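Undergrad: So that we are looking at the same thing, I have put the structure below in C-alpha cells.
Protein chains: 2
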Amino acid sequence: MIERRDIFQAIADPTRRMIIQKLSGGALNIGQIVEDSGISRQGIAKHLRVLQQCEMITLTQKGREQICEARLEQLDKVVEWVNESRKLWNQRLVKLDRFLEETKKQKI
Amino acid sequence: MIERRDIFQAIADPTRRMIIQKLSGGALNIGQIVEDSGISRQGIAKHLRVLQQCEMITLTQKGREQICEARLEQLDKVVEWVNESRKLWNQRLVKLDRFLEETKKQKI
DNA sequence: AAATTGTGCAACCAAATGGTTTTATTATTT
DNA sequence: AAATAATAAAACCATTTGGTTGCACAATTT
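Chains as they are written, first to last, in my numbering: chain X, 1 to 108; chain U, 1 to 108.
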C-alpha cells in the first residue's frame, strides 16, 4: 500500500469533511476546530496534517497559535473527475441509441 | 474505527476510481474489469464488493457471468457536499465584505 | 516569576485496507 | 463426459488509519 495523499483521500474521512466545512466558514486555530468535535487535540492535529499534505488547507503560525485556512480549489479536481465519469456515461447512452437505431432499420 | 461504506470512501481508492471510469463506458463482467488492471481477480472482486455496498454499482448474474453496472447517481452526493462547502466559503467572503464596509464607515 | 494556553512529538493500539494465494463450486464448451 | 471459464469463499499478510495518552516546549497572561 503506497501512502496516498490526494484530495479524494482527504475527503474520504467524515472527521476531515467536518473540518473542511468548519474552515469553509472562515479560518480557525486548532483549538477552535477541536471544540465540539468529540475528538482529542492530537487526533485533530493528525487530520490537519493529512489535509495539509493534500493541500486542502494552509497552516500559518501566528504567535503561539496556528491558523488553519481552507483551500477549496482542490475540490475542483473531485468535481472534474465526477464530470468525466458522467461524460463517459452519456456517451454510452449515445452508443446505445445508435445501436437501437440500427436494429430498427434492420427490422424494416 | 467503524467500517464506513459511503460514496466518499468508494472513490477514495484509485483502483476503485479506475473501475468506476471503466464501468461508466458501459456494463462489464468481472473478467473484463480485471483486464489490464494489474490486479488479481480476487483483488478486483473485493473492490467490487465495496462499491456494491456503497451502491455505486449493481451486480447481476447472467449465466456464469456477473455483470457490473455503474450507478453514477451516487456521485451527486459528492458534488452536493462540494457545493455546500463552496456556499459557506462564499458567505464567508460576504461577511468579510460587510466587515470592510463597516470599517470604512468608521474611518469616515 | 508562575500559571496558563496552544502546540508538537513520540509511542502505542485495535481495526480497516488493499492486496495475495489456495481451494471449491458452478456454467458453458467441446 | 471432460475440459475450461467465471466466480465465490476463506485464510493470510503487511501497511495504513484513526484514534489515544503522556511529555516537552514556547508564547501569553497574571
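Backbone N, C-alpha and C define an ideal beta-carbon position, used for all residues, glycine too.
Please read all numbers here as calculations on a predicted model, not as lab measurements.
For I19/U, decide whether its Cβ has a neighbour in chain X, counting only Cβ atoms nearer than 8 Å.
TA: Interface flag for I19/U against chain X is unset, since no Cβ pair is found closer than 8 Å.
Undergrad: So with Cβ pairs under 8 Å, would you call L59/U a contact of chain X?
TA: no
Undergrad: Ignore the nearest five residues each way along the sequence and tell me which others in L51/X's own chain have a CB closer than 7 Å to its CB.
TA: A10, R16, I19 and I57
Undergrad: Identify every run of the alpha helix (DSSP H) within the region 36–107 of chain X, keeping only runs that are complete inside it and at least 4 residues long; order them along the chain.
TA: Secondary structure remark: continuous alpha helix (DSSP H) runs of at least 4 residues inside the region 36–107 of chain X, in chain order: 41–53 and 75–107.
Undergrad: Against R98/U, what residues of chain X qualify as contacts under a CB-to-CB distance less than 9 Å, listed in chain order?
TA: Neighbours of R98/U in chain X, taken as residues at a C-beta separation under 9 Å, are lacking, since the least C-beta distance is about 13 Å.
Undergrad: Rounded to whole angstroms, what's the CA-CA distance from D76/X to R98/U? Just pull it up for me.
TA: One C-alpha to the other measures close to 27 Å.
Undergrad: Short of 8 Å in beta carbon distance, which residues of its chain neighbour L48/X, apart from the five on each side in sequence? Order them along the chain.
TA: I19, I30, I33, I57, L59 and C68
Undergrad: Can you give the beta carbon distance from S37/U to S85/X, rounded, assuming they're within the 8 Å contact cut?
TA: Wrong, their Cβ atoms sit about 17 Å apart, outside the cutoff.
Undergrad: State yes or no: is the beta carbon of S37/U nearer than 8 Å to at least one beta carbon in chain X?
TA: No, its Cβ sits nowhere closer than 8 Å to a Cβ of chain X.
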